Amino acid sequence: MSRVEAALRDLRLADTLAARDTPLARIDARAKVVVTLAFLVAVVSFDRHAVAALLPFALYPAVLAVRGDVPARWLGRKLLIAAPFAVAVGLFNPLLDRAPMLAIGDATLSAGWVSFASILVRFALTVAAALAVVAGTGMHTLCAALGRLGAPRIFTAQLLFLYRYAFVLGGEASRMGTARMLRGGARAPSLAVYGALAGHLLLRAFERAERIHRAMVARGFDGEFRSLRAARWTGADTAFVAGWCGYFAAARAVDIPQGLGRLLTAGIP
Amino acid sequence: MSHPLVEARGLRFAYPDGTPALDGVSFRVHAGESVAVVGANGAGKSTLLLALNGLVTPSAGEARIGEVPVTPATRAQIHRTVGYVFQDADDQLFMATVREDVAFGPLNLGLAAAEVEARVQAALETVGAAHLAGRAPYRLSGGEKRAVAIAGVLAMQPSVLLLDEPSAGLDPASRRRLITLLNSFSHTKLVATHDLDLVLDTCSRVLVMRDGRIEADGTAAAVFSDAALLARCHLEPPLGWRQ
Amino acid sequence: MHMADALLSPAVGATMWATTAVALAASARRVRENGEDRLVPLMGVLGAFVFAAQMINFAIPATGSSGHIGGGLLLSILLGPAAAFVVIASVLSVQALFFADGGLLALGANIFNLGVFPCFLAYPLVYRAIARPGATGARVGVAAVLAAVFGLQLGALGVVMQTVASGISSLPAGPFLWLMLPVHLAIGVVEGLATAALVLFIRRARPDLVERGVASAGKASPIRPLATALALAAAVTGGVLPWFASAQPDGLEWSVERVAGGATVPAPENGVHERLARLQDRVAGMPDYEPPSGARTTGDAPAWPAVNPGKSLAGLVGGFATLLLVTLAALALRHRR
Chain A
0 MSRVEAALRD
10 LRLADTLAAR
20 DTPLARIDAR
30 AKVVVTLAFL
40 VAVVSFDRHA
50 VAALLPFALY
60 PAVLAVRGDV
70 PARWLGRKLL
80 IAAPFAVAVG
90 LFNPLLDRAP
100 MLAIGDATLS
110 AGWVSFASIL
120 VRFALTVAAA
130 LAVVAGTGMH
140 TLCAALGRLG
150 APRIFTAQLL
160 FLYRYAFVLG
170 GEASRMGTAR
180 MLRGGARAPS
190 LAVYGALAGH
200 LLLRAFERAE
210 RIHRAMVARG
220 FDGEFRSLRA
230 ARWTGADTAF
240 VAGWCGYFAA
250 ARAVDIPQGL
260 GRLLTAGIP
Chain B
0 MSHPLVEARG
10 LRFAYPDGTP
20 ALDGVSFRVH
30 AGESVAVVGA
40 NGAGKSTLLL
50 ALNGLVTPSA
60 GEARIGEVPV
70 TPATRAQIHR
80 TVGYVFQDAD
90 DQLFMATVRE
100 DVAFGPLNLG
110 LAAAEVEARV
120 QAALETVGAA
130 HLAGRAPYRL
140 SGGEKRAVAI
150 AGVLAMQPSV
160 LLLDEPSAGL
170 DPASRRRLIT
180 LLNSFSHTKL
190 VATHDLDLVL
200 DTCSRVLVMR
210 DGRIEADGTA
220 AAVFSDAALL
230 ARCHLEPPLG
240 WRQ
Chain C
0 MHMADALLSP
10 AVGATMWATT
20 AVALAASARR
30 VRENGEDRLV
40 PLMGVLGAFV
50 FAAQMINFAI
60 PATGSSGHIG
70 GGLLLSILLG
80 PAAAFVVIAS
90 VLSVQALFFA
100 DGGLLALGAN
110 IFNLGVFPCF
120 LAYPLVYRAI
130 ARPGATGARV
140 GVAAVLAAVF
150 GLQLGALGVV
160 MQTVASGISS
170 LPAGPFLWLM
180 LPVHLAIGVV
190 EGLATAALVL
200 FIRRARPDLV
210 ERGVASAGKA
220 SPIRPLATAL
230 ALAAAVTGGV
240 LPWFASAQPD
250 GLEWSVERVA
260 GGATVPAPEN
270 GVHERLARLQ
280 DRVAGMPDYE
290 PPSGARTTGD
300 APAWPAVNPG
310 KSLAGLVGGF
320 ATLLLVTLAA
330 LALRHRR
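Residue numbers (numbering that gives the first Met the number 0), protein chains in the order written: chain A, 0 to 268; chain B, 0 to 242; chain C, 0 to 336.
So this is what it looks like as structure tokens:
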């Protein structure tokens, strides 16, 4: 099952990226979560025709990517893969909204195209920021941060289990799929075969979960999930939050590119 | 004669679907002994270890660890004294990183953070996996996973170690490291295994199981010399055994 | 099917997140109350199963194409609604975080659409009504298909409402629904068939595993009124009220200006919740409205920017200059090893 393999490879890559010691990884995960949320809210709060005004926000994912040593090609590829829904829906804007809006020389651009461009920019910004943060933060660190920010313990605990065993079950699924394909041809299996294939995978999942529970009990598990070391909040983390939120506030309140453009085109009649 | 550390008396157990697994098992193991439990698949080896640790409850008979009978009520206490290494290390390494996984046991014991970290470090160093501390389990090799699983158990400082097929799936070098490691432990050990050569190298005493019963209980030499016994129990003498 | 941040407005995103957070907290608490926290490893492993199973395709009978399972209904049958919801939430979170499948702000909406509807509505109201314990295979199949279709149609409706209410896309509700509903009808049938196939297989091999869901769902009957109330609340606040906010294409600014008497858009926050709460208050107070129409002319909306060539040029130049500055800054800050 090449899809499973590809997905697992992606997960592994993100995990490997996050495991390195980069400046981004050293920032407390809570700070990163809070700032990213502020970023997302700020970006989507623009009106639908804002395009240039959104661009200063590109600084955040750009800085995250370089400080987290995230490969640009990886980021670009994931952006492309994630694009279809937003692009497909956004494409209706130019079709439905033909009121003229921008004029450069003799050409006019309809509001629909402007709002479509806005959708594309929003998409790039929000997805890039999310990916850059994830690539710079390990899953267990992220879950611990979510827990401390108020997410229910049961949620974060089983999220960690999910992540941990996605590789194991994904590997089993991949091997079963290959074995089936070698005996059944390259077409997708019929519903009956699928029921047996996925059904066996599911049964094995149940049995594995029982064994895991036994292993946990054997090491003294009593229902309470305890963690090793609480991450400490440092001055760098406060500076991170304050600095970026301040920048988002400024960029949201003031249309920086417009002002910059006016400065640069001041001489043009 | 010192008190037995691990004792089983007439253990009986059948799985919910009726499959009998233990059919009256009795033996005594003394402190410091290194005992192998061998037998064909389905003979009851794994079930015996689970019963000794309170992870399955026998329908008849009793198991004791030291003075403490193994019952659902005493399970927590038993788990503090007995360490169990599972057959599939993936079942045991369920935390996100090696360090967190080895710390799981000590944290459940309620130890302070500094003590936990000290134990984690010591356990990882004992098994030679200190360099893997920050690694995620899925990125470990079979031998590394086994080593980390053992470290996770060692960190609880048990007096008895139960190991289920510890050398299964290991390459020769990892297997040799495992044997060296087991020989360095002073814990009381019960090892359920198919690997009769490992038994030769690490265990002084062998329990042979067949159909849920102890068929023989003696030194390795006595057991491996008995061709009829081995045939009856669907076993062969180890490759390293010379008459 | 997954909502994207690019099409979302803060009001809609926040509402959906608030609703989902409440549902998640309530579900987690119910799991703990039922003494099911020992289910946590099982929940995680089943989540991993759903995650892996979503990548295994099977051939859809009588068509040439293939499909895969979504998982919400199957998890509800195996775990009961509350635990299933927590698991679905985590599967969607992993997809959003690592595969950019749906945005992070939109995650609240996605968990709602793909979690609340199957777990708290489709499963108890449709599936369990038709398929009692011990039902024949055919009955299970029918129940699963109907429940899956029901859940997915609601989910599709949710996506449409959230997109239209956000006002970023020009697509009106009607055509959007025409696109989404039939597609998700087909997906629902596929999901139902796959779920039934799995449930029947498990039931034959380990009947005790299928009963688990029934047992905890029985204890979870107080969740049904809670879930229905939540669903209604979300529909009203998420689907109807933000409608007011996007009455005009720049709905948010327009409504803020109207109420605040010409004040500019308030500077964004340190406290996200505070700002969103203020917005919601203003929005709730809006009087008559008109649904947004894509092909409106410039004259109507007061805040619609008139065509201004000078401004356009400045915007373009400034935009490029900004991009240049951002790139230079990023290069300068590159982490030197």
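C-beta atoms are modelled at their ideal positions from N, C-alpha and C, and glycine is treated no differently.
Every value quoted in this text rests on a predicted model; they were computed, and no experiment measured them.
Under 7 Å, CB to CB, which of the residues in the segment 160 to 171 of chain C have a partner in chain A?
THR162, GLY166, ILE167, SER168, SER169, LEU170
Please classify TYR14/B as buried or exposed, where buried requires at least 16 neighbouring CB atoms within 10 angstroms.
exposed
Enumerate in chain order the residues of its own chain whose CB-to-CB distance from THR73/B is below 8 Å, with the five nearest sequence positions on each side excluded.
GLY53, VAL67
State the DSSP-derived secondary structure class of HIS233/B, mapped to helix, strand or coil.
coil
Check whether LEU39/A and LEU103/C have beta carbons under 8 Å apart:
yes
Our contact map puts SER158/B next to LEU4/B with C-beta atoms below 8 Å; I'd like the distance itself, whole angstroms only.
7 Å
In chain order, what residues of the same chain lie with their CB nearer than 8 Å to the CB of ALA269/A, ignoring the 5 residues before and after it?
Outside the displayed span of chain A (0 to 268) sits residue 269/A, for which this structure offers no information.
At a CB-CB cut-off below 8 Å, which residues of chain C make contact with VAL65/A?
ALA329, LEU330, LEU332, ARG333, HIS334
Decide if ASN182/B is buried, meaning its Cβ has at least 16 other Cβ atoms within 10 Å, or exposed.
exposed
Measure the C-alpha to C-alpha separation of TYR126/C and PRO40/C and round it to an integer number of angstroms.
26 Å
Going straight from the alpha carbon of PRO123/C to that of GLY187/C, what length do you get?
One C-alpha to the other measures close to 17 Å.
PHE239/A CB to nearest chain C CB: under 8 Å?
Output row for PHE239/A: interface = no.
Could you pull the start and end residues of the alpha helix (DSSP H) that GLU124/B belongs to?
Bounds of the alpha helix (DSSP H) holding GLU124/B are 112 to 125.
By Cβ distance below 8 Å, which residues in the same chain neighbour GLN257/A in space, the five residues on each side in sequence not counted?
ALA51, ALA52
In chain C, which residues lie less than 7 Å from GLY146/A when you measure between Cβ atoms?
None at all; the shortest Cβ gap to chain C is about 11 Å.
Could you tell me whether the Cβ atoms of GLY394/C and GLY12/C are closer together than 8 Å?
Residue 394/C lies beyond the stretch modelled for chain C, which goes from 0 to 336, so this question has no answer here.
By the DSSP assignment, the alpha helix (DSSP H) with PRO171/B in it spans what residues?
171 to 183
Can you name, in chain order, every residue of its own chain whose Cβ lies under 7 Å from the Cβ of ILE68/C, other than the five neighbours on each side?
ALA52, GLN53, GLU190, ALA193, THR194
Beta carbons nearer than 9 Å to chain A: which residues of the segment 173 to 185 of chain B have them?
Look at the segment 173 to 185 of chain B: it has no residue with a C-beta under 9 Å from a C-beta of chain A.
For ALA81/A, which residues in the same chain have their Cβ closer than 6 Å to its Cβ, ignoring the five residues on either side in sequence?
VAL126
Three or more C-beta pairs under 8 Å: does that hold for the segment 73 to 92 of chain B against the segment 209 to 225 of chain A?
yes
Would you mind reading off the limits of the beta strand (DSSP E) that contains GLY205/B?
In the sequence as displayed, the identity of residue 205/B is Val instead of Gly. VAL205/B -> beta strand (DSSP E) spans 204 to 209.
Check whether the segment 67 to 81 of chain C and the segment 135 to 150 of chain A are in contact - that is, three or more C-beta pairs closer than 8 Å.
No, they do not touch.
First and last residue of the alpha helix (DSSP H) that includes ILE77/B?
For ILE77/B, the uninterrupted alpha helix (DSSP H) run begins and ends at 74 to 80, by DSSP.
So which residues on chain A does ASN40/B lean against when the C-beta distance must stay under 8 Å?
Chain A residues near ASN40/B: none, gap ~17 Å exceeds 8 Å.
Partners in chain C for VAL133/A, counting only beta-carbon separations shorter than 7 Å:
Listed along chain C, the residues sitting closer than 7 Å to VAL133/A by beta-carbon distance are LEU96, PHE97.
Within the continuous alpha helix (DSSP H) that includes SER109/A, where are the two ends?
Counting along the chain, SER109/A falls outside any alpha helix (DSSP H), though it belongs to the beta strand (DSSP E) covering 106 to 109.
Where GLY183/A falls, given that 16 or more other Cβ within 10 Å makes a residue buried:
exposed
Three-state secondary structure (DSSP) at GLU223/A?
coil
What residues match up with ASP216/B in a beta bridge as DSSP calls it?
LEU206/B
Whole alpha helix (DSSP H) runs in the segment 55 to 81 of chain A with 4 or more residues, listed along the chain?
Runs found: 58 to 66, 71 to 81.
Cross-strand partners of THR19/C (DSSP beta bridge):
For THR19/C, which the question treats as bridged, DSSP gives no partner whatsoever.
Since LEU199/B and PRO237/B should fall inside the 8 Å C-beta cutoff, what is the C-beta to C-beta distance between them, to a whole number of angstroms?
5 Å
Taking beta-carbon pairs under 9 Å, can you tell me which members of the segment 66 to 80 of chain A lie near chain C?
Those would be ARG66, GLY67, ASP68, LYS77, LEU78, ILE80, in chain order.
Run of the alpha helix (DSSP H) containing ILE74/C, from where it starts to where it stops:
Note on identity: in this sequence residue 74/C is Leu, with Ile being the wrong assignment. It spans 71 to 78 - the alpha helix (DSSP H) in which LEU74/C sits, taken as one unbroken run.
Name the chain A residues that come within less than 7 Å of HIS1/C, Cβ to Cβ?
Those are PHE84, listed as they occur along chain A.
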